[in-house]
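Novice: From first to last, the protein sequence lines are chains A and B.
Everything in the first sequence is counted per our numbering, starting at -2 for the first residue and increasing by one.
Everything in the second sequence is counted per our numbering, starting at 7 for the first residue and increasing by one.
Every residue, glycine too, gets a C-beta built ideally from N, C-alpha and C.
Just so it is clear, the structure is predicted and the values come from calculations on it, not from any experiment.
Encoded as structure tokens, here's the structure I'll be asking about.
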Amino acid sequence: MTIDQTIGDLQSEFASFPDWEERYSHIIAMGKGLAPYNEEFRNDEFKVKGCQSQVWLHPSISDGTIHFEADSDALIVKGLVALLMRVYNERTPSEILNAPADLVSRLGLDQHLSNNRTNGLASMLKQIKLYALVYSMTRVS
Amino acid sequence: MSNISTISSTAFDVYAVRAEFPILSRTVHGDVPLVYLDNAATAQKPQCVIDSISRYYQCSNANVHRGGHALGAEATALYEDARATVASFLGAEPNEIIFTRGTTEGINLIAASWSQMVGDSLRGRNIVISGMEHHANIVPWQMVCERTGAELRVIDVRDDGTLDLNHARTIIDEATAFVSVVHVSNTLGVTNNVHEICSLARAVGARSLVDGAQAVVHHATDMRQIGCDFYVFSGHKLYGPTGIGVVYGRADVLAAMPPYQGGGAMISTVSFERSTYLDAPMRFEAGTPNMEGAIGLAEAIRWFKRLDPSAMREHEASLAKRMHADLYSIDGLRILGPRESHVGIVSFVIDGIHANDLGVLLDEQGVAIRVGHHCTMPLMKRFGVSSTARASTAAYTTSEDLDAFTTALFRAIKLLR
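Here is the structure:
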């Protein structure tokens, strides 16, 4: 499934929730379903800056695709992390770099999350793209 | 869960008070009614305060203390009347009142000016604060200590969230030069015995400052009774505008202190060789002051006094009691601080639930609380938490607000568990 298709799926998922409670239940469930984070990488080096809660993001690459592990100490943020993982995990650097930049608004999340949280999401997204950029340059050189 | 009967409304009509605050009738997230329980961060403003600011600009705006036209004289009179209103609110004289931007600037002003006055004599001496201080009453003193070589000492906080006065008696000693403590903790809602702490300071010849940012709305604040040398607070937590604050400084103490900032309005004469300064309080108010702020604050104080502060305190004490009871009934919830408090500031944590998640889900239901470290990181460390959720009441808080808060809290917990 391409990034666009995954975003399309998420769009219809999120459009189907009648109220905030269902929307957050879904985000929280996604967070609870996130693969366990390797404790070895729970340190400042892999902490994402600019989030109110603590967020960790660890990248690795094999066969040209990036594998992310991620976690947060707050459940809703962890759900948002899981959402990003569905879109960006196991992708090639160029897929990530060419992905649409307006994920947050395409999912309608900017209307439901406060500025602090959309800023946090933007910080995570920026970090994902930075890692992709680094990997893409490493491959070229 | 709801216990309306415990809330006294005989002398104090909370619904009438509430009607004076236009913002409280708005909704958030579309059509969700606002339940504002972040009053320890800032209080909302009654219509009369809002009106006083527009009236100032519509009718009386001119620069103060600067000269001889009718508007200037009128603005100066309003500004100096505001100073007198604040002075009488604190049981002080007008020349003991300095207008600042807020509590933070007030503490910085005193720390900078006082430390400049005592200078190098601070080496080998100590400055005492408490373990529940806001960062604004920690960092300025750390800066003084770094500059002068003084030692920073900290009064212990006990497990129940109160200050250990025995420890205070031990660490306040002959080498103590300054004691600076908070009157009411912004995180715990606990009221400290500042009268006692200021006496300890006075007994060893040390100066004392009380951070009254939270206390001015919750306690009678008579400077002579507290016995402090300095008292600081912000207008915006007292139903007044933001950007205006107050330093009370005892007249004889202020008289000996050097200016904080230099500029216009604080000088007597200026030449390139040497300038001379005006007396306090003008010496500490360089530049054009926040005139509408001072006037708005004076209006807020007059409004506050009209309310009957003791009836209002009784109302808030019953809200605090109710909030404690409601929260204690929740499984896995821990309140930081004393089990009982007359001040409507309650910080809590819930097992297995991050405060930020609570904040998000309460906000979604229109309930505004604060989550985080509340600018008291050392206190968070003391209680072994990184953040808490804090709900705080005001004069306009109703028992329906508390109903909405507990209902919203239950729904949030259900989603998060």
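1. CB Ser136 of chain B to CB Ala174 of chain B, shorter than 9 Å?
2. Which residues, in order along the region 13 to 26 of chain A, keep a beta-carbon less than 8 Å from a beta-carbon of chain B?
3. Please list the residues of the region 346 to 366 of chain B that have a C-beta atom closer than 7 Å to any C-beta atom in chain A, keeping them in chain order.
4. Would Ile301 of chain B pass as a contact of Leu244 of chain B if the rule is Cβ separation under 9 Å?
5. Give me the Cα-Cα distance between Leu130 of chain A and Lys327 of chain B, rounded to the nearest whole angstrom.
6. By how many angstroms is the C-alpha of Phe354 of chain B removed from the C-alpha of Lys44 of chain A?
7. Taking its Cβ as the centre, do 16 or more other Cβ atoms sit within 10 Å of Ser11 of chain B, making it buried, or is it exposed?
8. When the cut-off is 9 Å and only beta carbons count, does His35 of chain B lie next to chain A?
9. Please tell me whether Trp53 of chain A and Tyr34 of chain A are closer than 9 Å, where the distance is taken between their beta carbons.
10. At 3 residues or longer, and completely inside the region 37 to 112 of chain B: list those beta strand (DSSP E) runs for me, N to C.
11. Distance, Cα to Cα, Ser8 of chain B vs Val196 of chain B?
12. Report yes if the CB atom of Ala257 of chain B is closer than 9 Å to the CB atom of Ser58 of chain B, and no otherwise.
13. What is the DSSP secondary structure of Tyr21 of chain A, reduced to helix, strand or coil?
14. Can you tell me where the beta strand (DSSP E) with Phe65 of chain A in it begins and where it stops?
15. Give me the chain B residues within the contact set of Ser50 of chain A, using Cβ-Cβ distance strictly less than 8 Å, ordered along the chain.
16. According to DSSP, simplified to helix, strand and coil, what is Val20 of chain B?
17. 9 Å is my cut-off, CB to CB: does Ile73 of chain A come that close to chain E?
18. For chain B, find out if any of its Cβ atoms is closer than 9 Å to the Cβ of Asp70 of chain A; answer yes or no.
19. What would DSSP say about Tyr245 of chain B, mapped onto helix, strand or coil?
20. Should Glu102 of chain B and Met229 of chain B be called a contact, given that it needs their Cβ atoms to be closer than 9 Å?
21. Between the region 316 to 345 of chain B and chain A, which residues of the former have CB atoms less than 7 Å from a CB of the latter, in chain order?
22. Would you identify the three-state DSSP class for Asn86 of chain A, choosing helix, strand or coil?
23. Three or more beta-carbon pairs under 8 Å between the region 115 to 133 of chain B and the region 144 to 160 of chain B, yes or no?
24. In chain A, which residues lie with their C-beta within 8 Å of the C-beta of Leu424 of chain B?
25. Quick check on Asp217 of chain B: does DSSP put it in helix, strand or coil?
26. In the DSSP output, what is Phe236 of chain B paired with across the bridge?
27. Would you check if there are 3 or more beta carbon pairs closer than 8 Å linking the region 73 to 86 of chain B to the region 262 to 271 of chain B?
28. For Asp217 of chain B versus His140 of chain B, is the C-beta distance shorter than 9 Å?
29. Go ahead and pull the three-state DSSP assignment for Leu194 of chain B.
30. By how many angstroms is the C-alpha of Asn199 of chain B removed from the C-alpha of Leu171 of chain B?
31. Excluding five sequence neighbours on each side, which residues of the same chain lie with their C-beta closer than 6 Å to the C-beta of Thr294 of chain B?
32. Just how far apart, CA to CA, sit Gly30 of chain A and Gly365 of chain B?
33. Should Val276 of chain B be labelled buried (16 or more other beta-carbon atoms within 10 Å of its own) or exposed?
34. Can you list, in chain order, the residues of its chain with a C-beta nearer than 6 Å to that of Val23 of chain B? Leave out the 5 residues immediately preceding and following it.
35. For the region 368 to 382 of chain B, which residues have a beta carbon sitting closer than 9 Å to at least one beta carbon of chain A?
36. Suppose the cutoff is 7 Å on Cβ atoms and the five residues either side in sequence are ignored; what does the same chain contact list for Ala418 of chain B look like?
Specialist: A quick look at the data gives this:
1. yes
2. Trp17, Glu18, Tyr21, Ser22 and Ile25
3. His360, Asn362, Asp363 and Val366
4. no
5. 56 Å
6. 26 Å
7. Residue confidence is low: Ser11 of chain B scores 44 on pLDDT, short of 50, so the model does not pin down where it sits. No coordinate-derived value is stated.
8. yes
9. yes
10. 103 to 106
11. Bear in mind that a pLDDT of 44 at Ser8 of chain B, under 50, signals an unreliable position, so the model cannot answer this.
12. no
13. helix
14. Thr62 to Ser69
15. His360 and Asn362
16. helix
17. The chain inventory of the structure shown lacks chain E, comprising the protein chains A and B.
18. yes
19. coil
20. yes
21. none
22. coil
23. yes
24. The structure shown does not extend to residue 424 of chain B, since chain B spans only 7 to 423, so no value can be given for it.
25. strand
26. B:Leu215 and B:Gly255
27. no
28. yes
29. coil
30. 9 Å
31. Asn69
32. 22 Å
33. exposed
34. Ala401 and Tyr402
35. Asp369, Glu370, Gln371, Val377 and Gly378
36. Leu364, Leu367 and Leu368
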